[in-house]
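Asks: Sharing a structure with you now.
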Amino acid sequence: MTTVRQRRVGKGTEGAEDQPSEETNVKPDGKIPSGGKLWNILSITVGGIVAVSLGLLTSVYVATLHENDLWFSNIKEVEREISFRTECGLYYSYYKQMIQAASIQQGLHGLVYDNKTESVRTINILERMNVYQEVFLSILYRILPIQQYLEPVYFYIYTLFGLQAVYVIALYVTSWLLSGTWLSGLLAACWYITNRVDTTRVEFTIPLRENWALPFFAVQIAAITYLLRTHLQPVQERLTLMAIFIATFLFSLTWQFNQFMMLIQALALFILDCLDMLPTAKVTWLYIIQISGLLLVCVLQFFNSMILGSLLISFNASVLIARTIQKNLKKGGLLNRLGKLILHVLLVLCLTLLINKFVKKILNLESDEHIFKFLKAKFGFGATRDFDANLYLCEEAFGLLPLNTFSRLSDTLLFYVYIFVLFLMAVAAVIVAFRNLSGSNQVMVKMEECTITLKPDAAYSLVHTVLFGCLALSTMRMKYLWTSHMCVFASFGLCSTEVWKLILKCVHLYTSQRAQVIKYSIPIITLLYISYKFWPGIMDELSELREFYDPDTVELMNWIKSNTPNTAVFAGSMQLLAGVKLCTGRTLTNHPHYEDKNLRERTKQIYQIYAKRSPEDVHGILRSFGTDYVILEDSICYERRHSRGCRLRDLLDVANGHIMDGLGENEPDLKPSLYPRFCEEVKKNLPSYTTHFTRVFQNKTFHVYKLAKHK
Numbered sequence: 153m154t155t156v157r158q159r160r161v162g163k164g165t166e167g168a169e170d171q172p173s174e175e176t177n178v179k180p181d182g183k184i185p186s187g188g189k190l191w192n193i194l195s196i197t198v199g200g201i202v203a204v205s206l207g208l209l210t211s212v213y214v215a216t217l218h219e220n221d222l223w224f225s226n227i228k229e230v231e232r233e234i235s236f237r238t239e240c241g242l243y244y245s246y247y248k249q250m251i252q253a254a255s256i257q258q259g260l261h262g263l264v265y266d267n268k269t270e271s272v273r274t275i276n277i278l279e280r281m282n283v284y285q286e287v288f289l290s291i292l293y294r295i296l297p298i299q300q301y302l303e304p305v306y307f308y309i310y311t312l313f314g315l316q317a318v319y320v321i322a323l324y325v326t327s328w329l330l331s332g333t334w335l336s337g338l339l340a341a342c343w344y345i346t347n348r349v350d351t352t353r354v355e356f357t358i359p360l361r362e363n364w365a366l367p368f369f370a371v372q373i374a375a376i377t378y379l380l381r382t383h384l385q386p387v388q389e390r391l392t393l394m395a396i397f398i399a400t401f402l403f404s405l406t407w408q409f410n411q412f413m414m415l416i417q418a419l420a421l422f423i424l425d426c427l428d429m430l431p432t433a434k435v436t437w438l439y440i441i442q443i444s445g446l447l448l449v450c451v452l453q454f455f456n457s458m459i460l461g462s463l464l465i466s467f468n469a470s471v472l473i474a475r476t477i478q479k480n481l482k483k484g485g486l487l488n489r490l491g492k493l494i495l496h497v498l499l500v501l502c503l504t505l506l507i508n509k510f511v512k513k514i515l516n517l518e519s520d521e522h523i524f525k526f527l528k529a530k531f532g533f534g535a536t537r538d539f540d541a542n543l544y545l546c547e548e549a550f551g552l553l554p555l556n557t558f559s560r561l562s563d564t565l566l567f568y569v570y571i572f573v574l575f576l577m578a579v580a581a582v583i584v585a586f587r588n589l590s591g592s593n594q595v596m597v598k599m600e601e602c603t604i605t606l607k608p609d610a611a612y613s614l615v616h617t618v619l620f621g622c623l624a625l626s627t628m629r630m631k632y633l634w635t636s637h638m639c640v641f642a643s644f645g646l647c648s649t650e651v652w653k654l655i656l657k658c659v660h661l662y663t664s665q666r667a668q669v670i671k672y673s674i675p676i677i678t679l680l681y682i683s684y685k686f687w688p689g690i691m692d693e694l695s696e697l698r699e700f701y702d703p704d705t706v707e708l709m710n711w712i713k714s715n716t717p718n719t720a721v722f723a724g725s726m727q728l729l730a731g732v733k734l735c736t737g738r739t740l741t742n743h744p745h746y747e748d749k750n751l752r753e754r755t756k757q758i759y760q761i762y763a764k765r766s767p768e769d770v771h772g773i774l775r776s777f778g779t780d781y782v783i784l785e786d787s788i789c790y791e792r793r794h795s796r797g798c799r800l801r802d803l804l805d806v807a808n809g810h811i812m813d814g815l816g817e818n819e820p821d822l823k824p825s826l827y828p829r830f831c832e833e834v835k836k837n838l839p840s841y842t843t844h845f846t847r848v849f850q851n852k853t854f855h856v857y858k859l860a861k862h863k
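Count along the sequence shown from 1, then add 152; that gives the number in the numbering used here.
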């Protein structure tokens, strides 16, 4: 197993469009004095410099952590590649393949007609996987004059660390736009850095798709925040829509789960549009941008059927159709509008299901069925023996968000501030939504002291954080979408004039000067507290030196390269085989990119090496996929990481209808297997096994067997 060991010696205030008029220095003729313009320019310049500086510092910070943790600059090439674990190694292998190709054209041909990722099959990698970023980066590396100064692996990882700078700058700008002060952006960036354990995992999962995609998602959210401001000029609006489209397209191109994230975003827009809290015209543009961005990705991925059958396209199309059917949706009294709203929601849901079902029927689409099986089982809609669904259910990353996450977020005061701001904004949103639905806009004029307003950009940020919070609470792996926006939302609330104005008016203490003092003093005190408490820890973290250490896997990869032909086909666990492809270039039977029904069926069959099956059955299954060698891992065969019922061998036993090992209950229809567990029995070198399998390599972790080629 891969481990890390201790390293041995020798080896201000800013002008904002939506600031209240009482706080803006404006002449009676409506013009801003020249002094005010100069101050705004100076403030924006300083804020921009701070944003870029924090982004670059974050990039250097995570790069240093990565180097210090692995001693990446000192370890061998095979060790560097092994450090890209599981699916990370698979994605990086295509970058390496493009770099090593004789030409760019030959490299692209090898991806479009790939017969080494899945044995006895030729697949189109560009259609199946989101690896255009690896293609683009490899082409860039080949054409730039940097080969003599920078190794390909460093060009790759520095690009990912550079995207962290884009990510932090986008979060900074979003918070700045919401609050009107760059101090809010500074606080958001500091929270992002000090809560690094819960906001990013880029330093140890560099090639993961989300590390490419989330910076573009953050840019898209920043652009949407700007679009939702009032009084934009037509040119500004068009440029912002273009920025949103580009960011949406890049986000969709770089992550296979893009459609599910944007579906949640579309739901947020739908809710706010129904409650009349966003301009309908801008919402319509955002729906169209989502659809067009996803369809453009679909074209680039050779009309990937999973994209065409996505719920996002069905939902957005349904909303646009439903709008044309119900034209007077936002007219009438409270009860009348509520009735129309309920009918509208039901119509959109029915249309979404009908369109999605129709498209999937036409395309015979089954690529994403494992996701819906997983969701059905996760939320208690019946137990399942489905192997794929249980594989997800038993992984900690797809479980509920652990409670200790909140204690870590509370240490930096982030969670406390977030809950405080969330409560105030939610109350304001409920009041504004009720007022909008009842059509009583004149209340604002009659009750000036109790006026509660919610700007469109703040309303979107509120619903966005609530929906992605629900996603994170239900699925731990998705927490990074929530925690980063949590930093933005909390810092915006703490630096918002509107929030403090509302609080002070409720306790009858409001003055403009008092609101301004609180708006700046509390964030500054929070920043001082964070610096005092966490700066020493960050310095200690940066000074701690470790070293990559995984001799068993290194030995295995070196043996494969030296003792097997280049055309050899290897079977084993998905995670290990990704490393085999990257380090040795050998052909695989299966791999970790699970979004294909045939691959899921193939993986379940390959995993019979850890089930209770006869040697003849296992040999027949493996040979049907052209397998020459099979790698058995003791960490899977004798797994103790998961409890009984969630070990891989248990999932296979249940799927095969066999009783699980160990003490505990079994379902009544499960029966004892006629055969012992293959991965245990094959090591005894019994004649019935040696006829089909010959052990050719062994160390403390891995056992490699060569398959006999019977006629």
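Heads up, the beta-carbon is just placed ideally off N, CA and C, and yes, glycines get one too.
(1) Looking only at its chain, what residues have a beta carbon closer than 7 Å to the beta carbon of R752, apart from the 5 residues adjacent to it on each side?
(2) Out of curiosity, what's the CA-to-CA distance linking I291 and P824?
(3) Restricting to runs no shorter than 4 residues, where is the alpha helix (DSSP H) found entirely within the stretch 751–779?
(4) Return the CA-CA distance between C546 and F700, expressed in angstroms with no decimal places.
(5) Reducing DSSP to helix, strand and coil, say where K858 ends up.
(6) Kindly give me the distance between the Cβ atoms of F236 and P359, rounded to whole angstroms, as I take these residues to be in contact under 8 Å.
(7) Bridge partners of E785, per DSSP?
(8) Do you know how far the Cα of L421 is from the Cα of N468?
(9) Should C831 and C798 be called a contact, given that it needs their Cβ atoms to be closer than 8 Å?
(10) Taking 8 Å as the limit between beta carbons, can you name the residues of its chain near Q850, skipping five residues before and five after?
(11) Taking the DSSP output, what are the residues bridged to L740?
(12) From A723, V732, Q316, A215, pick the residue whose C-alpha is nearest to that of W711; which is it?
(13) Considering Y244, what are the terminal residues of the alpha helix (DSSP H) in which it resides?
(14) Could you check what DSSP says for T351 in three-state terms: helix, strand or coil?
(15) If V584 and I604 are in contact, beta carbons under 8 Å, what's the gap, nearest whole angstrom?
(16) Are the beta-carbon atoms belonging to A723 and L804 less than 8 Å from one another?
(17) Provide the residue span of the alpha helix (DSSP H) that contains G532, from first to last.
(18) Just curious, the alpha helix (DSSP H) that F539 is in, first and last residue?
(19) List the whole-angstrom C-beta distance separating D780 from K713, where the pair is believed to meet the contact cut-off of C-beta under 8 Å.
(20) Tell me, please, whether the stretch 757–767 touches the stretch 825–844 by the rule of three or more beta-carbon pairs shorter than 8 Å.
(21) Taking its Cβ as the centre, do 16 or more other Cβ atoms sit within 10 Å of T392, making it buried, or is it exposed?
(22) Rounded to whole angstroms, what is the Cα-Cα separation between E229 and A580?
(23) According to DSSP, what are the bridge partners of I275?
(24) Compute the distance between the beta-carbons of L614 and M638, then report whether it is under 8 Å.
(25) Please state the DSSP three-state secondary structure of M709.
(26) Check the DSSP bridge columns for H794 and list the partner residues they point to.
(27) Assuming N588 and L427 are in contact, meaning their beta carbons sit under 8 Å apart, how far apart are those beta carbons, in whole angstroms?
(28) Measure the alpha-carbon distance for A374 versus T400 and round it to whole angstroms.
(29) Could you name the residues of the same chain whose beta carbon sits closer than 7 Å to that of G621, not counting the 5 residues immediately before and after it, in chain order?
(30) Can you tell me whether F401 is helix, strand or coil according to DSSP?
(31) If you count every other CB in all the chains shown that lies within 10 Å of the CB of M281, and 16 or more means buried, which is it?
(32) Could you check what DSSP says for T326 in three-state terms: helix, strand or coil?
(33) Roughly how many angstroms lie between the CA atoms of C647 and G337, to the nearest whole one?
(34) Identify the residues that DSSP records as bridge partners of F152: which are they?
(35) Buried or exposed, going by whether 16 or more other CB atoms sit within 10 Å of the CB of G445?
Replies: Walking through what the data contain:
(1) H522, D540, Y746
(2) 55 Å
(3) 767–776
(4) 28 Å
(5) strand
(6) 6 Å
(7) F854
(8) Rounded to the nearest angstrom, the two C-alpha atoms are 10 Å apart.
(9) Not closer than 8 Å, so no.
(10) V856
(11) According to DSSP, L740 bridges with F722.
(12) Residue V732 holds the alpha-carbon nearest to the alpha-carbon of W711 among A723, V732, Q316, A215.
(13) Bounds of the alpha helix (DSSP H) holding Y244 are 239–252.
(14) helix
(15) Rounded, the Cβ-Cβ distance is 6 Å, consistent with contact.
(16) no
(17) Note, G532: premise wrong, no alpha helix (DSSP H); not H, not E.
(18) Per DSSP, F539 belongs to the alpha helix (DSSP H) from 539–545.
(19) No, D780 and K713 are not in contact; Cβ-Cβ is about 15 Å, not under 8 Å.
(20) yes
(21) Buried.
(22) 56 Å
(23) Beta-bridge pairing links I275 to D266.
(24) no
(25) helix
(26) H794 is not bridged to any residue.
(27) 6 Å
(28) 12 Å
(29) W634
(30) helix
(31) By the Cβ neighbour-count rule, M281 is buried, with 16 or more other Cβ atoms within 10 Å of its own.
(32) helix
(33) 9 Å
(34) Given a span of 153 to 863 for the chain in the structure shown, any question on residue 152 remains unanswerable.
(35) buried
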